[in-house]
DNA sequence: TTTTAATGTTACAGAAATATTACAAATTAA
DNA sequence: TTAATTTGTAATATTTCTGTAACATTAAAA
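Residue numbers (this note's numbering), protein chains in the order written: chain A, -19 to 206; chain B, -19 to 206.
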């Protein structure tokens, strides 16, 4: 089951871009260009998540947040706020007033999408797939467990993220740089050779007796999940 | 089918670099160094995607964007804007005025190429054909795999690039120098006879029992994919 | 036919990419 | 706090790839 997402954002072009792409991903999306009306429509729409612009012409994001948190029907509605660069302080206020995550404009749709899923995964696991499966490999994102042929496997945090990444894009070959960019936290400087070591660790963990190798080395290109 | 890309950018060196590399990847590329002329040429050229510099001497990127979005023939033309570091605020404006993605200078060609393909994949999937097919030969660029009559074939990096090149231009004969220029990384000096050896290696790999030879030698001219 | 030029084939040494290991520093758990 | 785990890197080992030279074969020219 895919979830419902409501957007309150006064810049029509952003709404259009985001709405269009989310719908493509299978979400049901509704939106409003201003705060007061948005609040009303939202409560009728009953979304699984709200994307909320921080700077609206009428109501402030904080006010909307507070209103929602006061309403017993919506007090647990996950909220991701959209904030312009330089409104850093607002982020603090945002988190204080019960926002689940924030995305700074300008953002790529991919970034937004990833955060939406991450938030939904925590709050409403039904809505978003949380088990990643490839052949006899299974990874549960919520319970943070990994199985190969129903046998549980212990992984360190980095190997877990690495495998999670491969599982979301099986068969595709990724360069070390791409892997670094996606799997490692932002702005860390890690030798790209370091990937090799983590690949080795991951391989060592997921390769069990008698089962085939699942990670493919593509010389001069990178690695892929078979 | 190969995609067409138009570039509006006033720094000739960037244009040259990008144009050259995109052509190497099989795109048809045209460009203009200034906004007003660019707009006219673009509409004649009918590209699948526009690379647009944000700071042009005459027209601003925003103006060009708006002009394009107003023209019913081009209102859906994907646009990637090139912005200099520190013009962060412009990015916001960029997304507002309907840009699909942006790349910050200085950028690596790989990054640009990846974004171009990502955008095209959404807007015009035919254009970024991931699979190159010729008769019973199939090359998957994303998975980096090659098949002949559905049987997978193992190739080294150079042979892979060589075959990829031939597949983007089947039947056409290329001289050794042309092949070197396109298939080998820039600024390497290799004997042109070296090509012969790689052709041999490629032939050996893709020629399977009972199937016909796919690479044709054209004496005094070069080689072609049949 | 003989000669000549172009291409095919082979083997190999060095280069380049990846695998593996060990270890110290950093992080987390107890 | 100490102990245990995790991380990144550097050093080393191993594998695979590359380019070239030498020789063989083929096709065209004389």
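The C-beta atom is built at its ideal place from N, Cα and C for all residues, glycine as well. Nothing here was measured: the structure is a model prediction, and the numbers come from that model.
Buried or exposed, going by whether 16 or more other CB atoms sit within 10 Å of the CB of residue i?
i                     : result
residue 28 (chain B)  : buried
residue -3 (chain B)  : exposed
residue 197 (chain A) : exposed
residue 113 (chain A) : exposed
residue 122 (chain A) : exposed
residue 80 (chain A)  : buried
residue -6 (chain B)  : buried
residue 170 (chain B) : exposed
residue 139 (chain A) : buried
residue 12 (chain B)  : buried
residue 58 (chain A)  : buried
residue 55 (chain B)  : exposed
residue 52 (chain A)  : exposed
residue 168 (chain A) : exposed
residue 206 (chain B) : exposed
residue -17 (chain A) : buried
residue 204 (chain A) : buried
residue 106 (chain B) : exposed
residue 50 (chain B)  : exposed
residue 202 (chain A) : buried
residue 125 (chain B) : buried
residue 41 (chain B)  : buried
residue 85 (chain A)  : buried
Is any heavy atom of the ligand MN found at a distance shorter than 7 Å from the C-beta of residue i?
i                     : result
residue 177 (chain B) : Annotation note on the ligand MN: not contained in the displayed structure, which lists no ligands.
Grouping DSSP H, G and I as helix and E and B as strand, with all else coil, what is residue i?
i                     : result
residue 18 (chain B)  : helix
residue 128 (chain A) : strand
residue 41 (chain A)  : helix
residue 116 (chain B) : coil
residue -12 (chain B) : strand
residue 111 (chain A) : strand
residue 85 (chain A)  : strand
residue 12 (chain B)  : strand
residue 159 (chain A) : helix
residue 201 (chain B) : coil
residue 57 (chain A)  : coil
residue 92 (chain A)  : helix
residue 29 (chain B)  : strand
residue -6 (chain B)  : helix
residue 48 (chain A)  : helix
residue 135 (chain A) : coil
residue 36 (chain B)  : coil
Name, please, each residue of chain A whose Cβ falls closer than 7 Å to the Cβ of residue i.
i                     : result
residue 132 (chain B) : Chain A residues near residue 132 (chain B): none, gap ~12 Å exceeds 7 Å.
So which residues of chain B does residue i contact, with C-beta pairs closer than 8 Å?
i                     : result
residue -2 (chain A)  : The premise fails here: residue -2 (chain A) is roughly 10 Å from chain B at the closest Cβ pair, so nothing lies under 8 Å.
residue 152 (chain A) : 122, 123
residue 204 (chain A) : 123, 124
Which residues in chain B sit within 7 Å of residue i, going by Cβ to Cβ distance?
i                     : result
residue 200 (chain A) : 137
Anything in chain A within Cβ reach of residue i, meaning under 8 Å, just list it in chain order.
i                    : result
residue 81 (chain B) : 88
Fully enclosed by the segment 161 to 199 of chain A, which beta strand (DSSP E) runs are 3 residues long or longer? 195 to 198
Under 8 Å, with one C-beta from each stretch per pair, do the segment 173 to 187 of chain A and the segment 139 to 155 of chain A reach the 3-pair mark? yes
Using 8 Å as the Cβ pair cut-off and three pairs as the minimum, do the segment 97 to 114 of chain B and the segment 153 to 173 of chain B touch? no
Three or more beta-carbon pairs under 8 Å between the segment 165 to 179 of chain A and the segment 117 to 135 of chain A, yes or no? no
Would you call the segment 16 to 28 of chain B and the segment 185 to 202 of chain A touching, i.e. three or more CB-CB distances under 8 Å? no
Would you call the segment -17 to -9 of chain B in contact with the segment 20 to 36 of chain B, where contact means no fewer than 3 C-beta pairs closer than 8 Å? yes
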